[in-house]
Amino acid sequence: MASIPTPGPEYTTHILPAPFTSSPLTLLAQGAEALVYRTTFLTPNTPCILKYRPPKPYRHPILDKRLTRARLLAEARVLVKCRRDGVKVPAVLGLDADQGWLVLEWVEGGNVRSTLDRWVKEGGQFEKLGESSKDGENKDVWEFMRAIGTSVGKVHDIGVCHGDLTTSNLMVKTTEGHGQAQPQKPSAPAQPYLTGDIILIDFGLATQTVQDEDRAVDLYVLERAFAATHPGAESLFQEVLRAYGESYRGGRAVLKKLEDVRLRGRKRSMLG
Amino acid sequence: MIALGLEGSANKIGIGLISHPSPDKPPIVLSNLRHTYNSPPGEGFLPKDTAIHHRTWVVRLIKQAVRQAGVKIEDIDCICYTKGPGMGAPLQSVALAARTLSLLWNKPLVGVNHCVGHIEMGRAITHASNPVVLYVSGGNTQVIAYSAQRYRIFGETLDIAIGNCIDRFARTLMIPNDPFPGYNVEQLAKKGKNLVDMPYAVKGMDVSFSGVLAAADLLAAQIDESLPLEKRLKTEDGEIVTKADLCFSLQETIYAMLVEITERAMAHVGSTQVLVVGGVGSNERLQQMMGLMARDRRGSVFATDERFCIDNGIMIAHAGLLEFKTGVTTKLEDSTCTQRFRTDEVFVGWRD
Numbered sequence: 001m002a003s004i005p006t007p008g009p010e011y012t013t014h015i016l017p018a019p020f021t022s023s024p025l026t027l028l029a030q031g032a033e034a035l036v037y038r039t040t041f042l043t044p045n046t047p048c049i050l051k052y053r054p055p056k057p058y059r060h061p062i063l064d065k066r067l068t069r070a071r072l073l074a075e076a077r078v079l080v081k082c083r084r085d086g087v088k089v090p091a092v093l094g095l096d097a098d099q100g101w102l103v104l105e106w107v108e109g110g111n112v113r114s115t116l117d118r119w120v121k122e123g124g125q126f127e128k129l130g131e132s133s134k135d136g137e138n139k140d141v142w143e144f145m146r147a148i149g150t151s152v153g154k155v156h157d158i159g160v161c162h163g164d165l166t167t168s169n170l171m172v173k174t175t176e177g178h179g180q181a182q183p184q185k186p187s188a189p190a191q192p193y194l195t196g197d198i199i200l201i202d203f204g205l206a207t208q209t210v211q212d213e214d215r216a217v218d219l220y221v222l223e224r225a226f227a228a229t230h231p232g233a234e235s236l237f238q239e240v241l242r243a244y245g246e247s248y249r250g251g252r253a254v255l256k257k258l259e260d261v262r263l264r265g266r267k268r269s270m271l272g
Numbered sequence: 001m002i003a004l005g006l007e008g009s010a011n012k013i014g015i016g017l018i019s020h021p022s023p024d025k026p027p028i029v030l031s032n033l034r035h036t037y038n039s040p041p042g043e044g045f046l047p048k049d050t051a052i053h054h055r056t057w058v059v060r061l062i063k064q065a066v067r068q069a070g071v072k073i074e075d076i077d078c079i080c081y082t083k084g085p086g087m088g089a090p091l092q093s094v095a096l097a098a099r100t101l102s103l104l105w106n107k108p109l110v111g112v113n114h115c116v117g118h119i120e121m122g123r124a125i126t127h128a129s130n131p132v133v134l135y136v137s138g139g140n141t142q143v144i145a146y147s148a149q150r151y152r153i154f155g156e157t158l159d160i161a162i163g164n165c166i167d168r169f170a171r172t173l174m175i176p177n178d179p180f181p182g183y184n185v186e187q188l189a190k191k192g193k194n195l196v197d198m199p200y201a202v203k204g205m206d207v208s209f210s211g212v213l214a215a216a217d218l219l220a221a222q223i224d225e226s227l228p229l230e231k232r233l234k235t236e237d238g239e240i241v242t243k244a245d246l247c248f249s250l251q252e253t254i255y256a257m258l259v260e261i262t263e264r265a266m267a268h269v270g271s272t273q274v275l276v277v278g279g280v281g282s283n284e285r286l287q288q289m290m291g292l293m294a295r296d297r298r299g300s301v302f303a304t305d306e307r308f309c310i311d312n313g314i315m316i317a318h319a320g321l322l323e324f325k326t327g328v329t330t331k332l333e334d335s336t337c338t339q340r341f342r343t344d345e346v347f348v349g350w351r352d
């Protein structure tokens, strides 16, 4: 049993029941809405994620409870649906919608953002990635982009829109550790960190929808996030979209819609 | 340097004179006059009538403002007016007055973006250096942060402005428009205690108020005192829902939406300061809620009182003078006004 401390001036005394935590909570991130901790589940060696939505003191308590409950349940339902339909997301281990906590499976690895940063740091250059490099030494990074496109396509295929697709919300599950234990095969990838499964995280803004418009907006958000965090990687991103289009029936229609969304942008000129 | 500012984008005409003594000294407000056009309860202000009001008052207010400031016409360096955004007819009547003065006194003109005027005035009054700005008024709802020479819009309303939502709700309940509907709703809300469920529409960093307004109007029809008691809207505990309860619920719901998107923008840009500007920014409950949010983020909230929050001439004079000092003026033939003029269209040459 442990209480969840919030970094704000007021400490809540909420108790997380066993078996959800048996070791101290380590704060990983503070978003606008939730605090994300690392803790353990069942055994002290099984890490898990605790996502806690503290009460917002500025909101009327009834409204606050209503919103926290609705959002937490929506997030959990989407995760469960993804899991059931074969999309790789962290599993839901437990939750209390009224108290505002959600415990998720721990995913070992880094996010796409840091993975690409690492690739650049190790000598990769976005500018030098011509079409011809797809089968050459940069094969892995192209394959990596295709994996991202396919993962997003899979989520959309089952009728879920993520709502906040950024390169930080796409994880790459580490497989590196296993590879090193065995002798390297000649065909082993040059950058093993690029070959892990793509796991989508943070479904806090996700919705269940089958509208092409919503899917296109989802892609547009990812495109903008990509451009902002990885300048120069436009050609790489095209590969994400290409793979997306091939990943499920209807993918191409969404890409068509994406062109409209791009033209419209998010900001239209509006009445003062 | 001294500037005269003329504002008339909505139902208020504001005339102000400001002096910027030297770069390192704070600006001095020489005079700040305003006259408001109020329509009867149940009605909004029409552009045509508002323009007539502005035309009637503009000369009187300018004369009085210049006299009160105690400056000679020769001392004035430029004439600043609201170029937009706002209602067409009132904007035009004030722009005409500005052009006339410019020719009459042979002074350069500076056309000012109304939103930038609010932001710059708020920064000058509160000394907030680089805050996330929540701009909330009858015609605008935007979350803004400064980056690379522009005030960038991070979130905004997808349909109507928050002030418009409150004003129209006040019309439904026949709440008086004097001094302004939002004030009267706020006073009524202080007496409310039951929270009625209303839609809560936050999408990422954007908000939507049209659904809340429609729902609030439907609820308002159910509390009509002429209805038989058994048909009146009741809370879960069987208490009759009052006008005050509805005002309270509307405020709690829509202000929570505003605070939420502001918090998101703060988390996104990593800022701990919030500045609230615009007419709705004078609402004490909104300021209080914003304060509670900022406290949890170890930050602080900056707000101004109604003299500077609500549309005024001083803010136009101040923002115009800042721009004038970077060498920008508006030629007579370009001194038009526009109903659509986005905050991020203005090149902010006076900030680093």
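Protein chains in written order, with UniProt numbering: chain E, 1 to 272; chain W, 1 to 352.
The beta-carbon is built from N, C-alpha and C at its ideal position, and this holds for glycine as well.
Would you please state the rounded distance, in angstroms, between the beta carbons of residue i and residue j? I believe it to be under 8 Å.
{"i": "lysine 88 (chain E)", "j": "isoleucine 201 (chain E)", "result": "Contact flag wrong, Cβ pair sits at about 10 Å."}
{"i": "threonine 343 (chain W)", "j": "lysine 83 (chain W)", "result": "Between lysine 83 (chain W) and threonine 343 (chain W) the Cβ distance is about 12 Å, and since that is not below 8 Å, they are no contact."}
{"i": "asparagine 140 (chain W)", "j": "glycine 281 (chain W)", "result": "Not really, about 11 Å apart at Cβ, beyond 8 Å."}
{"i": "alanine 97 (chain E)", "j": "leucine 67 (chain E)", "result": "11 Å between Cβ atoms; not a contact."}
{"i": "glycine 138 (chain W)", "j": "alanine 10 (chain W)", "result": "6 Å"}
{"i": "threonine 167 (chain E)", "j": "valine 112 (chain E)", "result": "4 Å"}
{"i": "threonine 304 (chain W)", "j": "glycine 122 (chain W)", "result": "6 Å"}
{"i": "threonine 56 (chain W)", "j": "methionine 87 (chain W)", "result": "Contact flag wrong, Cβ pair sits at about 16 Å."}
{"i": "valine 185 (chain W)", "j": "isoleucine 160 (chain W)", "result": "Not confirmed; about 16 Å, so no contact."}
Quick check: residue i and residue j, are their CB atoms within less than 8 Å of each other?
{"i": "phenylalanine 257 (chain W)", "j": "glutamate 120 (chain W)", "result": "For clarity, residue 257 (chain W) is methionine in the given sequence; the question names phenylalanine instead. No; because the gap between Cβ atoms is not below 8 Å, this pair is not in contact."}
{"i": "cysteine 115 (chain W)", "j": "leucine 188 (chain W)", "result": "no"}
{"i": "leucine 4 (chain W)", "j": "isoleucine 79 (chain W)", "result": "yes"}
{"i": "lysine 48 (chain W)", "j": "isoleucine 310 (chain W)", "result": "no"}
{"i": "glycine 100 (chain E)", "j": "tyrosine 52 (chain E)", "result": "yes"}
{"i": "leucine 107 (chain W)", "j": "isoleucine 62 (chain W)", "result": "Before going on, a small fix: residue 107 (chain W) reads as lysine here, not leucine. No, these two residues do not count as a Cβ contact at 8 Å."}
{"i": "aspartate 164 (chain E)", "j": "glycine 130 (chain E)", "result": "no"}
{"i": "glycine 251 (chain E)", "j": "tyrosine 244 (chain E)", "result": "yes"}
{"i": "valine 94 (chain W)", "j": "leucine 158 (chain W)", "result": "no"}
{"i": "leucine 195 (chain W)", "j": "glutamate 252 (chain W)", "result": "yes"}
{"i": "valine 207 (chain W)", "j": "alanine 214 (chain W)", "result": "no"}
{"i": "leucine 27 (chain E)", "j": "threonine 39 (chain E)", "result": "no"}
{"i": "valine 274 (chain W)", "j": "phenylalanine 308 (chain W)", "result": "no"}
{"i": "tyrosine 81 (chain W)", "j": "glycine 117 (chain W)", "result": "no"}
{"i": "arginine 255 (chain W)", "j": "arginine 295 (chain W)", "result": "First, the residue type needs correcting, since residue 255 (chain W) is tyrosine and not arginine in the sequence shown. Their beta carbons are not under 8 Å apart, which means tyrosine 255 (chain W) does not touch arginine 295 (chain W) by this criterion."}
{"i": "valine 80 (chain E)", "j": "valine 160 (chain E)", "result": "no"}
{"i": "glutamate 156 (chain W)", "j": "valine 136 (chain W)", "result": "no"}
{"i": "tyrosine 220 (chain E)", "j": "glycine 153 (chain E)", "result": "no"}
{"i": "aspartate 212 (chain E)", "j": "lysine 173 (chain E)", "result": "no"}
{"i": "methionine 293 (chain W)", "j": "valine 259 (chain W)", "result": "yes"}
{"i": "glycine 123 (chain E)", "j": "valine 141 (chain E)", "result": "no"}
{"i": "leucine 54 (chain W)", "j": "proline 85 (chain W)", "result": "Leucine is not the amino acid found at residue 54 (chain W); the sequence shown has histidine there. For histidine 54 (chain W) and proline 85 (chain W), no; Cβs fall outside 8 Å."}
{"i": "alanine 76 (chain E)", "j": "leucine 95 (chain E)", "result": "yes"}
{"i": "histidine 156 (chain E)", "j": "valine 254 (chain E)", "result": "yes"}
Per DSSP, which residues does residue i bridge with? Please list them.
{"i": "histidine 81 (chain W)", "result": "Correcting the residue type first, residue 81 (chain W) is tyrosine in the shown sequence and not histidine. Beta-bridge pairing links tyrosine 81 (chain W) to W:Leu6 and W:Gly111."}
{"i": "tryptophan 101 (chain E)", "result": "E:Tyr52 and E:Asp96"}
{"i": "glycine 16 (chain W)", "result": "W:Gly5 and W:Asn32"}
{"i": "arginine 38 (chain E)", "result": "E:Thr26 and E:Ile49"}
{"i": "isoleucine 144 (chain W)", "result": "W:Val133 and W:Ile153"}
{"i": "serine 300 (chain W)", "result": "W:Gln273"}
{"i": "threonine 330 (chain W)", "result": "W:Leu109"}
{"i": "cysteine 161 (chain E)", "result": "E:Thr207"}
Which residue spans inside the segment 215-290 of chain W form an unbroken beta strand (DSSP E) run of at least 3?
-> 273-277
Spell out a yes or no on whether the segment 7-20 of chain W and the segment 58-69 of chain W are touching, meaning 3 or more CB-CB pairs, one atom from each, closer than 8 Å.
-> yes
Touch check for the segment 162-175 of chain W and the segment 143-154 of chain W: three-plus C-beta pairs under 8 Å?
-> no
Which runs of the alpha helix (DSSP H) fall wholly inside the segment 146-213 of chain W and span at least 4 residues, in chain order?
-> 162-172 and 181-189
Are the segment 264-275 of chain W and the segment 26-36 of chain E in contact at 8 Å, needing three or more beta carbon pairs?
-> yes
Of all the alpha helix (DSSP H) runs that stay within the bounds of the segment 101-151 of chain E, which reach a length of 4 or more residues?
-> 112-121
Between the segment 144-157 of chain E and the segment 224-241 of chain E, do at least 3 Cβ pairs fall closer than 8 Å?
-> yes
The segment 42-52 of chain E in contact with the segment 104-118 of chain E per 3-pair CB rule at 8 Å = yes
Just list the alpha helix (DSSP H) runs in the segment 20-73 of chain W, keeping only unbroken ones of 4 residues or longer that don't cross its boundaries, in chain order.
-> 47-69
At least three beta-carbon pairs within less than 8 Å, the segment 324-332 of chain W to the segment 26-40 of chain W = no
4-residue-minimum alpha helix (DSSP H) runs that sit fully inside the segment 169-250 of chain E, ordered along the chain = 176-181, 212-229 and 234-247
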